[in-house]
Amino acid sequence: MKVACSNCGAQHSLPDTRLVRLARVQFNCAKCGKATLVNLTQRPDATRAMSPVPQFARSAGAPHLTRYAAAPETSLRLPEGKAIALSIIAGPARGQLYAMDKPRIVLGRADADMTIDDDQVSRWHCAIETKDDAITLRDLESTNGTFVGDERVRVAVLKHLSEFRVGMSTILVSVTPRLANLN
297 MKVACSNCGA
307 QHSLPDTRLV
317 RLARVQFNCA
327 KCGKATLVNL
337 TQRPDATRAM
347 SPVPQFARSA
357 GAPHLTRYAA
367 APETSLRLPE
377 GKAIALSIIA
387 GPARGQLYAM
397 DKPRIVLGRA
407 DADMTIDDDQ
417 VSRWHCAIET
427 KDDAITLRDL
437 ESTNGTFVGD
447 ERVRVAVLKH
457 LSEFRVGMST
467 ILVSVTPRLA
477 NLN
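Mapping of the sequence shown onto my numbering: position 74 corresponds to residue 370, and the numbering continues sequentially without gaps.
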């Protein structure tokens with residue numbers, strides 16, 4: 297199977313015989329040394345990437361993010377009667393859980409709503425925004441990118457049980473009915 301590194305675009309050949317029955321495979325690029333995750337099967341209900349952008353196609357300058365992270369968005373709101381949780385299911389911070397208590401959260405290595413202990417995660421890596429039932433993942437011009445499946449994305453629409461990757465951490469989104477307070 298022929299694949300391209302999602303960071304630098306270098307072409308690689310993966311042995312088909314070793315990939316049988318695997319849903320995805322991760323490899324380190326021989327050229328840039330960074331990890332690439334490749335989904336081998338595409339489910340019809342998979343999360344859809346709206347604008348994938350590999351690193352070699354990105355613009356050189358990243359905008360200043362302070363205003364973005366601090367600015368409130370009045371049209372955003374959590375879905376009524378539902379709870380959204382983010383669970384790290386793979387990577388250095390595996391087992392970490394974050395329950396969204398506001399409609400926009402920033403994920404990152406430091407000074408973020410959800411802090412992820414992963415050296416490959418940027419200070420402010422990406423944001424999750426909700427407007428009722430719509431959940432949007434936005435990359436914040438991170439160094440190593442935000443991935444849905446094997447595609448690097450700027451923006452992606454997520455739903456219940458969607459997975460995305462930042463650094464070496466895979467995060468699962470779950471949307472469940474909010475339990476009534478029994479007090």
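Cβ atoms here follow ideal geometry from the backbone N, Cα and C, with glycine treated the same way. Treat the numbers as computed from the prediction; the structure is a model and nothing was measured.
A straight-line Cα-Cα distance of about 19 Å links I431 and G441. Classified as exposed, L318 has fewer than 16 neighbouring CB atoms from the shown chains inside 10 Å of its CB. In the DSSP assignment, the residues bridged to I467 are I384 and F460. Under a 10 Å Cβ-count criterion, E376 is classified as exposed, with fewer than 16 other Cβ atoms of the shown protein chains found around its own Cβ.
If you compare the alpha carbons of L457, V462 and H456 with that of R450, the shortest gap goes to V462. The beta carbon of I384 lies closer than 6 Å to those of R390, Q392, S465 and I467 in the same chain, with the five residues before and after it left out. Here D446 carries a coil assignment [DSSP, helix/strand/coil]. D435: member of the beta strand (DSSP E) spanning A430 to D435, first to last residue.
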